[in-house]
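So the sequence shown is numbered by my numbering: it starts at 2 and just counts up by one.
Where a beta carbon is used, it is the ideal one built from N, C-alpha and C, also for glycine.
Have a look at the structure below, then the notes.
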Amino acid sequence: MSSKTITFIGAGNMASSLIGGLVADGYAPKKIVASDPDNGKLADLSARFGIQSATDNIDAVQRADVVVLAVKPQALEQVCGDIRAAVQQRHPLVVSIAAGIREADLQAWLGGDITLVRSMPNTPAMLQAGATVLHAGGSVSAAQRDLAESILRAVGLTRWVDDEALMDVVTALSGSGPAYFFLVMEAMEAAAIANGLTADTARLLTIQTALGAARMAIESSDGPAALRQKVTSPGGTTERALSILEQGELRALFEKAVTGACERSRELSEMLGNH
């Protein structure tokens, strides 16, 4: 992989995170190119990581073995149209991190017969704590799958799905999921303040508790249900609180929320694409 030139089209937060993760993993900065119309972003990336930069997407693609599409979904059709001829000439592996843009649309916009991997990272990737799901098109080789995965693995956990339709579920779960946890944390803070804690103490205890629970879930061989049971003493405070949450149908509410996000992901895919 280290001999491949990786070009990022777009130099926003996610591209910056991926570039930072790759460099931290020992990838040669001179083999990474970022292209963006914002000279300030490019100068910042070059100063921080020592990578190459370009203000011309076509020039950047002409150097690439891998092209990472890291622009906003709404701008992707135009960007793909601009680089289409260069992609057809160079035939790089294309990795899209644009939410909701389906393979059929990307293929059409780039002229077809493209080796393409879709990915769905989430915002904790900016801290190298992301969760990314990938889907490979039919023409992607095992070596190219490994290459795409190695790029996204630089910012956290990676998983593959065989059915592209499942990317909508992934978007609803891990893509939108950080916001669900932030809402729960917000509610816990507010409840603690209402019961007498200062705002600073409520926030610190909430954040540390969330971090500790996540670490226990990661490091334990038990699933969330078993872990919950282990910390719930009969007749205790935790049991009382959980009983109230269950009476409020928390599980059903989460199912409705994730299903709603999944449906919205499908709607946006239809709006943004042509196929």
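Rounded to a whole number of angstroms, what is the C-alpha to C-alpha distance between residue i and residue j?
i: R103; j: G237; result: 49 Å
i: G112; j: G82; result: 9 Å
i: D39; j: A214; result: 40 Å
i: A149; j: L107; result: 17 Å
i: A188; j: G22; result: 33 Å
i: T159; j: N123; result: 11 Å
i: I208; j: A144; result: 40 Å
i: L243; j: I52; result: 50 Å
i: V24; j: R64; result: 19 Å
i: R252; j: L184; result: 15 Å
i: P1; j: P93; result: An answer regarding residue 1 cannot be provided, because it is not within the stretch 2 to 276 covered by the chain.
i: H136; j: A166; result: 10 Å
i: L212; j: A44; result: 34 Å
i: G131; j: T233; result: 30 Å
From the DSSP output, read off the bridge partner residues of residue i.
i: I10; result: S36 and L70
i: P92; result: Just to set this straight, residue 92 is His in the shown sequence, not Pro. H92 is not bridged to any residue.
For residue i, which of helix, strand or coil comes out of DSSP?
i: R64; result: coil
i: L198; result: coil
i: Q209; result: helix
i: Q129; result: coil
i: R103; result: coil
i: A55; result: strand
i: G157; result: strand
i: S120; result: strand
i: A137; result: strand
i: S97; result: strand
i: D163; result: coil
i: T172; result: helix
i: P235; result: coil
So, for residue i: in the same chain, excluding its five sequence neighbours on each side, which residues have a beta-carbon less than 6 Å away from its beta-carbon?
i: V69; result: F9 and V96
i: L246; result: none
i: A126; result: S18, V156 and G157
i: R267; result: D169
i: T133; result: S120, P122, L153 and T159
i: S270; result: G101 and R103
Between residue i and chain C, is any beta-carbon pair separated by less than 8 Å?
i: L273; result: Within the model displayed, chain C is absent; a lone protein chain is all it includes.
Only counting the same chain, and skipping five residues up and downstream in sequence, which positions put a Cβ closer than 7 Å to that of residue i?
i: N275; result: D106 and A109
i: A218; result: P225 and L228
i: R204; result: E190
i: L46; result: A12, S17, I20, A35, I52 and S54
If you drop the 5 nearest sequence neighbours on each side, which residues of the same chain put their C-beta closer than 8 Å to that of residue i?
i: Y181; result: F255 and A258
i: D223; result: K231
i: K31; result: G51, I52 and Q53
i: V141; result: L94, T116, L117, V118 and A149
i: C263; result: D169, V170, T172 and A173
Cβ of residue i versus every heavy atom of the ligand GTP: is any distance shorter than 7 Å?
i: R229; result: For the ligand GTP, the structure offers nothing, since it holds no ligand at all.
Touching by the beta-carbon criterion (3+ pairs, under 8 Å), the segment 253–262 and the segment 173–186: Here the segment 253–262 lies against the segment 173–186, with 3 or more beta-carbon pairs under 8 Å apart.
At least 3 beta-carbon pairs within less than 8 Å: the segment 155–168 vs the segment 14–24: Inter-segment contact for the segment 155–168 and the segment 14–24 is present: three or more beta-carbon pairs are separated by less than 8 Å.
Contact the segment 52–63 vs the segment 24–38: 3+ CB pairs below 8 Å: Between the segment 52–63 and the segment 24–38 there are three or more inter-stretch CB-CB distances shorter than 8 Å, so the stretches are counted as touching.
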